[in-house]
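J.: Input: one structure, supplied below.
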Amino acid sequence: MIPAEVWKYDTKTILEALHNCIAHQDYSANSRIVVTEEKDSLCFENAGSFFEGSFEDYIRGQRTPARYRNPFLVQAMVNLKMIDTQGYGIHSMFLSQRNRCLPMPDYESTKEKVVLRIPGTVIDEDYSKMLLENTSIGLDEAVLLDALQKKKPLSVEAVKLLKKEGLVEGRGKNIFISKYVALATNQEMEHSQAKGLSNTNYRNIILDYLKDYGELSKRKVLEMLDPHLPKNLDDKQKKYKVENLLAAMRRDGIVVCQKSKWSLKK
Numbered sequence: 011m012i013p014a015e016v017w018k019y020d021t022k023t024i025l026e027a028l029h030n031c032i033a034h035q036d037y038s039a040n041s042r043i044v045v046t047e048e049k050d051s052l053c054f055e056n057a058g059s060f061f062e063g064s065f066e067d068y069i070r071g072q073r074t075p076a077r078y079r080n081p082f083l084v085q086a087m088v089n090l091k092m093i094d095t096q097g098y099g100i101h102s103m104f105l106s107q108r109n110r111c112l113p114m115p116d117y118e119s120t121k122e123k124v125v126l127r128i129p130g131t132v133i134d135e136d137y138s139k140m141l142l143e144n145t146s147i148g149l150d151e152a153v154l155l156d157a158l159q160k161k162k163p164l165s166v167e168a169v170k171l172l173k174k175e176g177l178v179e180g181r182g183k184n185i186f187i188s189k190y191v192a193l194a195t196n197q198e199m200e201h202s203q204a205k206g207l208s209n210t211n212y213r214n215i216i217l218d219y220l221k222d223y224g225e226l227s228k229r230k231v232l233e234m235l236d237p238h239l240p241k242n243l244d245d246k247q248k249k250y251k252v253e254n255l256l257a258a259m260r261r262d263g264i265v266v267c268q269k270s271k272w273s274l275k276k
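Read in order, the letters of the sequence shown correspond to residues 11 to 276 in this note's numbering.
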C-alpha cells in the first residue's frame, strides 16, 4: 500500500472524459457512447477516430484544436461550460492522475472508435512512491515513467531525458529507477535487485566454481547466476548477458570452452 488515500476516480476527470465523448462522437455511425466500469479502470468509447491530431498533442495543454467534428454541438457545450475550446481537457485528465500518483490515462484510436481507459488503482508501487516523494517531477517525465511501468517501449530521447533528470538507470530494455530515487523513496532493495551485480562479481562467482569443480556448461552458469541477475530481464535477455560474459572472459584469456564445457585456461 502506498502511504496515501485518494478517491478511485476524480469526478472532474470522469465528466471531462464523458463530455469529450459527446462532443467528438461520429453521430453518422448511429452508435452509442459506452461507459464501462471495469475492475481497475473506467472505459469510455465513442464512435469515430481522433478527429484533430492525436491525444499526445494535447497532453501538455499547449495545442488548440483547429476544427471539430461537431462544431455546433461543441459551441453549445462551451456555452454551458461543459468543455473548453483550448485543448485543456486531455491535459487536465493527465495532470489529475499525476497529482493523485495514479497511472496515466490510455487512449486507443482506430478509424471506427476512440477508447479511453482511466486507471483507478496502482499498477507499480514504485511509480506511485516516486511521484509521492518527488513532487518536482513534471508531467512530461510522469508520462514517460508511466510508459516505463506499463512496459511500453521508450524512445532514445525519452530515456535520455529521464536519465538527465536522474530518474532512471540502465541501458537498452533494462531501464530501472535510479539510485537517487531509490534512496529518496526507501527502495534500495528494489534498486539493487533491478540493477543486479557488477560483471566483476559475476566473473568471481564463475571463477570460484571452476576452481572448486573444474568445468561448467552454459546452462549451469545461467542457473548459478540467475538469482543475482537483474530482476527485470526476461529469459532471453538473461541468456544473452551470460553469453556475453563468458565470451568476454574467453577473450581475456581467463576461460576456454571445449565440447560445450567451460573451464579455466591453463
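Where a beta carbon is used, it is the ideal one built from N, C-alpha and C, also for glycine.
Can you look up THR46 in the DSSP assignment and give me helix, strand or coil?
T.: The residue given as residue 46 occupies position 36 in the sequence shown. Note: THR46 maps to strand in three-state DSSP.
J.: Whole angstroms are fine: how far does the CA of TYR223 sit from the CA of ILE133?
T.: In the sequence shown, residue 133 corresponds to position 123, counting from 1. In the sequence shown, residue 223 corresponds to position 213, counting from 1. So the alpha carbons of these two residues sit roughly 44 Å apart.
J.: Skipping 5 residues on each side, what residues in its chain have a beta carbon closer than 7 Å to that of ALA39?
T.: Within the sequence shown, numbered from 1, the residue matching residue 39 stands at position 29. Taken in chain order, the residues that qualify are ALA57, GLY58.
J.: If you draw a straight line from the C-alpha of THR46 to the C-alpha of PHE54, how long is it?
T.: Walking along the sequence shown from the start, residue 46 turns up at place 36. Walking along the sequence shown from the start, residue 54 turns up at place 44. Cα to Cα, the separation comes out at about 7 Å.
J.: Could you please give the first and the last residue of the uninterrupted beta strand (DSSP E) stretch that includes GLU55?
T.: Start at 1 with the first residue of the sequence shown, and residue 55 comes out as number 45. Per DSSP, GLU55 belongs to the beta strand (DSSP E) from 51 to 57.
J.: Would you mind reading off the limits of the beta strand (DSSP E) that contains VAL124?
T.: One-based indexing of the sequence shown puts residue 124 at position 114. Element bounds for VAL124: 123 to 129.
J.: I'd like to check one pair, HIS29 with MET92: are the Cβ atoms closer than 8 Å?
T.: Position 82 of the sequence shown holds residue 92. Position 19 of the sequence shown holds residue 29. In this structure, HIS29 lies closer than 8 Å to MET92 by Cβ.
J.: Measure from the alpha carbon of LYS230 to the alpha carbon of each residue in ILE32, ILE128, LEU243, ILE216, then state which is nearest.
T.: The residue given as residue 230 occupies position 220 in the sequence shown. Checked all of ILE32, ILE128, LEU243, ILE216; the closest Cα to LYS230 is ILE216.
J.: Scan the stretch 151 to 184 and note each continuous alpha helix (DSSP H) run of 4 residues or more that stays entirely inside, going in chain order.
T.: Counting whole runs of 4 or more residues, the stretch 151 to 184 contains the alpha helix (DSSP H) stretches 166 to 174.
J.: Once you ignore the five residues that flank LEU277 on each side, which residues in its own chain have a CB closer than 8 Å to its CB?
T.: Residue 277 falls outside the range modelled here, since the chain spans only 11 to 276, and no answer is possible.
J.: Could you check the C-alpha separation between ASP244 and LYS173 for me, to the nearest Å?
T.: Counting from 1 along the sequence shown, the entry for residue 244 is found at position 234. Counting from 1 along the sequence shown, the entry for residue 173 is found at position 163. ASP244 and LYS173: Cα-Cα distance of roughly 22 Å.
J.: On the three-state DSSP scale, how would you describe TYR19?
T.: Residue 19 sits at position 9 when you count from the first residue of the sequence shown. If DSSP states are grouped into helix, strand and coil, TYR19 belongs with coil.
J.: Decide if TYR212 is buried, meaning its Cβ has at least 16 other Cβ atoms within 10 Å, or exposed.
T.: Position 202 of the sequence shown holds residue 212. Its Cβ being crowded by 16 or more others within 10 Å, TYR212 is buried.
J.: To the nearest angstrom, how far is the alpha carbon of CYS267 from that of SER273?
T.: Walking along the sequence shown from the start, residue 267 turns up at place 257. Walking along the sequence shown from the start, residue 273 turns up at place 263. Straight-line Cα distance between these residues: approximately 6 Å.
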